[in-house]
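Trainee: Before I ask anything, here is the structure I am working with.
Residue numbers (our numbering): 24 to 87.
Spelled out as structure tokens, the structure:
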């Protein structure tokens with residue numbers, strides 16, 4: 024499994040989305056230049072950022 028960032032829309036996911044795909048699918052996307060590989064060490068930073076975004080959205084929802 025590879026973690027990639029999309030350069031083009033793919034299967035309903037907008038540009039910039041980070042998704043986990045199979046190795047074969049990732050290689051095909053790299054050859055077509057539709058995705059870029061994410062370093063595995065960035066996964067922790069990505070998870071922290073997503074948790075902050077979710078927390079902010081929860082606060083905004085509660086304040087309405």
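For glycine and all other residues, C-beta sits at the position ideal for the given N, C-alpha and C.
(1) Within 10 angstroms of its Cβ, does residue 69 collect 16 or more other Cβ (buried), or is it exposed?
(2) With a Cβ-Cβ cutoff of 8 Å, do residue 57 and residue 29 count as a contact?
(3) Just reading off the beta strand (DSSP E) that residue 43 is part of, what are its end residues?
(4) As a quick exercise: from 46, 53 and 27, pick the residue whose alpha carbon is nearest that of residue 37.
(5) Rounded to whole angstroms, what is the Cα-Cα separation between residue 71 and residue 33?
Mentor: In short, the structure shows the following:
(1) exposed
(2) yes
(3) 41-44
(4) 27
(5) 24 Å
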